[in-house]
Amino acid sequence: MEPLLDRPASLESAELTHKLLDLLALDGGQEAVGNTACLPSHEGGKLANRDSGIDSISSPSNSEEICFVGDEGPGEGAGVPVPPAVLKRRSTRDSEGDSDMDDGSGDEAELLPEISPPQVERQDSEEMTVPQKVFQIANELFQTEKAYVSRLYLLDQVFCARLLEEARTRNSFPADVVMGIFANICSIYCFHQQFLLPELEKRMEEWDQHPRIGDILQKLAPFLKMYGEYVKNFDRAMELVNTWMERSAQFKGIIHEVQREEICGNLTLQHHMLEPVQRIPRYELLLKDYLLKLPQDSPDCKDAQKSLELIATAAEHSNAAIRKMERMHSLLKVYELLGGEEDIVNPTNELIKEGHILKLSAKNGTTQDRYLILFNDRLLYCVPKLRLIGQKFGVRARIDVEGMELKETSSLNVPRTFLVSGKQRSLELQTRTEEEKRDWIQAIQATIQKHEQTLEMFKQLVSEDETPPNSPGCELGRRAPTPIREKEVTLCMQCKEPFNALTKRRHHCRACGHVVCGKCSEFRARLVYDNNRPNRVCTDCYTMLQGSPASPVPHPNTPQRRRSILEKQASVVAENSVICSFLHYMEKGGKTWHKGWFVIPENEPLVLYIYGAPQDVKAQRSMPLIGFEVNLPDPGERVDRRHAFRISQSHLCWYFSPETEELRQRWMEVLSRAGRGEEAKGPPSILETDEDTEAERT
């Protein structure tokens with residue numbers, strides 16, 4: 036099918052595919068994915084919905100609102116996430132309920148259609164042989180996959196395409212809003228439509244000769260990790276849909292127009308968008324059922340078991356994305372509670388516990404109503420603010436967890452009390468119940484213990500001479516470092532924030548030579564090689580030279596956490612790459628070419644990473660290459676650079692321009708193989724060795 040529109044790549048979607056090995060979460064394995072066939076209709080025009088087990092959703096489903104209901108099928112008893120509002124509507128739904136497609140009002144949304152699951156005929160299990168049971172599960176996987184691809188087509192090629200066309204041709208609403216809603220659904224649709232579904236279809240046709248599916252799933256399961264990005268974006272997408280349904284009549288009109296079409300199955304956009312969230316748990320349940328029915332001596336046992344492990348990993352990636360999203364939501368709520376006065380919205384911060392408590396006055400023992408907020412590194416002692424609308428608090432004291440001590444002080448006269456003593460302040464606190472007191476003491480003690488363990492591990496790493504690159508521990512500060520060129524770095528090598536000319540300027544650490552921002556180099560240490568004079572150093576080097584952590588804590592990541600590829604230097608990734616070099620690039624429809632350092636790692640041969648410079652510590656963007664086609668520009672396309680070529684997929688199109696014809700041929704070969712899902716062959720990498728000459732040419 037001809038692509039309807041060009042759409043910029045979801046650059047963060049690769050962070051899933053690349054964190055095809057790394058990411059972040061919803062508690063438990065929520066089951067089930069909803070799937071509706073694209074063309075065939077069933078029962079009065081309603082489309083088949085094999086495994087969603089839910090009705091239409093006409094309002095955003097926030098993570099804290101999701102409940103679980105039972106589903107039918109192999110995973111019977113597993114939970115399907117359903118908003119409480121939908122559960123309530125089920126219990127009160129009138130049998131004559133109409134669709135809520137024609138009007139976006141909340142009243143009509145109460146009347147939702149019942150969707151019959153696709154009929155996958157099952158014989159009585161007692162009458163079936165083992166091979167028949169195995170085939171039945173494999174066929175169910177294939178049939179539900181067909182329905183699921185139809186639903187992905189609806190999201191990507193219908194909803195998204197029509198909204199993008201309206202945004203780009205009439206500017207009725209921003210195109211970025213559409214991209215924010217659909218995230219990386221284009222890559223997900225391409226993967227299922229061009230790779231997973233054709234493989235399953237071919238296998239079912241050849242089932243008599245090859246009765247197995249484990250080998251297919253084992254080969255393709257790693258790409259399911261791209262779902263983490265979609266899941267992480269889901270709540271924001273629902274908010275955008277609701278906001279722009281109210282703000283833009285054109286946006287609302289397109290949504291309702293599509294929802295009234297037969298292909299939509301009389302269901303809302305929100306309902307269809309929920310199904311990718313549920314799809315991975317559905318694969319896991321079907322594969323578990325498949326393994327239970329599979330004979331132990333079957334040649335497919337090993338592949339099926341490996342596939343299950345890979346799919347479980349993909350599910351964990353989605354769960355981790357949800358955990359991270361929920362953690363940030365909780366921080367934002369506290370940030371608003373404090374009136375934006377405290378800088379707490381940081382990926383390294385974790386909210387442990389919060390709540391009202393009584394503080395005993397040191398003067399006369401009277402109690403005062405206070406609010407405690409416990410993080411993984413600090414305790415905030417807050418007082419209420421007088422406001423006419425909404426409760427707000429002001430921070431009275433900040434107590435570091437490091438060095439904090441806890442002591443019970445209860446007596447007959449003053450029960451349920453305990454003392455929190457820190458470097459900054461001591462507080463005697465009282466709770467209203469014994470259970471509340473026990474909860475606070477357990478939370479604070481656990482936080483102190485975890486912090487001490489982290490600090491002890493950090494000290495062990497220091498004693499083992501764990502140092503920044505280019506700086507052996509025995510030489511740090513004793514000899515001048517080899518500084519990294521500023522032009523080779525676009526991000527701070529400590530906090531990974533981008534530099535700018537006004538507020539985020541570049542500085543060199545005089546101990547290790549890294550390029551860091553002012554905030555990450557606000558410390559000074561005496562360096563032996565400079566006659567023990569104080570010099571600007573980064574937080575890591577300050578810790579090494581002084582023997583104790585800097586304040587704030589020098590590294591945002593705890594020592595236990597394994598760093599992902601995106602958090603490593605571009606030069607480290609390039610050393611083990613299929614291909615890497617400078618390229619100029621431009622999105623279709625753009626007017627300006629940009630220059631970047633492009634890398635395809637050996638351990639991720641189907642993902643392209645784009646760095647600002649060869650020494651950057653984190654990639655600016657990344658994209659999964661599977662499904663992309665590589666071609667030379669058409670004669671009618673006005674491309675003003677030599678050696679240009681393009682990659683395209685559905686709505687997406689990017690132009691690349693290397694410096695030489697030889698380099699263009701090499702890139703086109705590698706990208707073409709990656710687009711077909713094949714690992715590239717040939718020379719391991721192409722490095723631009725003469726970077727000074729390269730800089731002069733550009």
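Numbered by the numbering used here, the letters in the sequence shown go through residues 36 to 733 in order. We put the CB at the ideal spot given by N, CA and C, even for glycine.
Taking V551 as reference, the option from N566, W475, Y564, D575 with the minimal CA-CA separation is D575.
With a cutoff of 8 angstroms on beta-carbon distance, L232 and K181 are scored as near each other. The beta carbons of P311 and P246 sit about 29 angstroms from each other, so the pair does not count as a contact at 8 angstroms. Of all alpha-carbon atoms in R431, L706, L511, the one lying nearest the alpha-carbon of E664 is that of L706. Distance between I661 and D412, taken at the CA atoms: about 42 angstroms. Under the three-pair Cβ rule at 8 angstroms, the segment 388-407 counts as touching the segment 457-472. Your pair P668 and A654 does not check out as a contact, with CB atoms roughly 26 angstroms apart and the cut at 8 angstroms. For I614, the enclosing beta strand (DSSP E) starts and ends at 612-622. Rounded to whole angstroms, the Cβ separation of R197 and I289 is 5 angstroms, and the two are in contact under 8 angstroms.
Per DSSP, the beta-bridge partners of I408 are E389, L415. One thing to note: P659 has its Cβ no nearer than 8 angstroms to the Cβ of S342. In the DSSP annotation of this structure, L199 is not part of any beta strand (DSSP E); the continuous alpha helix (DSSP H) holding it starts and ends at 196-205.
Contact between the segment 261-279 and the segment 328-340 is not established, with fewer than three Cβ pairs separated by less than 8 angstroms. Contact annotation: the segment 559-567 touches the segment 542-550, with at least three C-beta pairs closer than 8 angstroms.
Contact between V572 and A648 is ruled out by a C-beta separation of about 22 angstroms, above the 8 angstroms threshold. In the displayed model, D435 falls within a strand according to three-state DSSP. Within the segment 221-308, the runs of alpha helix (DSSP H) at least 4 residues long that lie entirely inside it are, in chain order, 232-240, 249-255, 262-282, 284-294.
Contact annotation: A256 and L187 have beta-carbon atoms that are not nearer than 8 angstroms. In this structure, I434 places its C-beta atom within 8 angstroms of the C-beta atom of L414. Contact holds between the segment 196-210 and the segment 270-288, because three or more Cβ pairs, one in each stretch, are under 8 angstroms apart.
Within the segment 331-378, the runs of alpha helix (DSSP H) at least 4 residues long that lie entirely inside it are, in chain order, 336-372.
The shortest C-alpha to C-alpha distance from E234 to any of F177, K267, E487 is the one to F177.
8 angstroms or more divides the Cβ of L618 from the Cβ of P533. Comparing alpha-carbon positions, the option among C530, G438, I645 lying closest to H486 turns out to be G438.
Looking at the DSSP output, C688 sits in a beta bridge with S683.
Per DSSP, the continuous beta strand (DSSP E) segment holding F453 begins and ends at 452-456.
A direct Cα-to-Cα measurement between H686 and E200 gives close to 11 angstroms.
Taken atom to atom, the span from the alpha-carbon of V652 to that of C615 is near 16 angstroms.
For M703, the closest alpha carbon among the candidates N666, L321, R711 is that of N666.
A direct Cα-to-Cα measurement between G710 and A173 gives close to 27 angstroms. For S461, the uninterrupted beta strand (DSSP E) run begins and ends at 461-465, by DSSP. L309 and Q294 do not touch by the CB rule: their CB atoms are close to 15 angstroms apart, not below 8 angstroms. The alpha-carbon separation between S683 and D191 amounts to approximately 15 angstroms.
When DSSP reads this structure, F558 sits in a beta bridge with V572. Per DSSP, reduced to three states, the secondary structure at P516 is coil, with no helix or strand assignment. Taking the C-beta atoms as reference points, V449 is found no nearer than 8 angstroms to R431.
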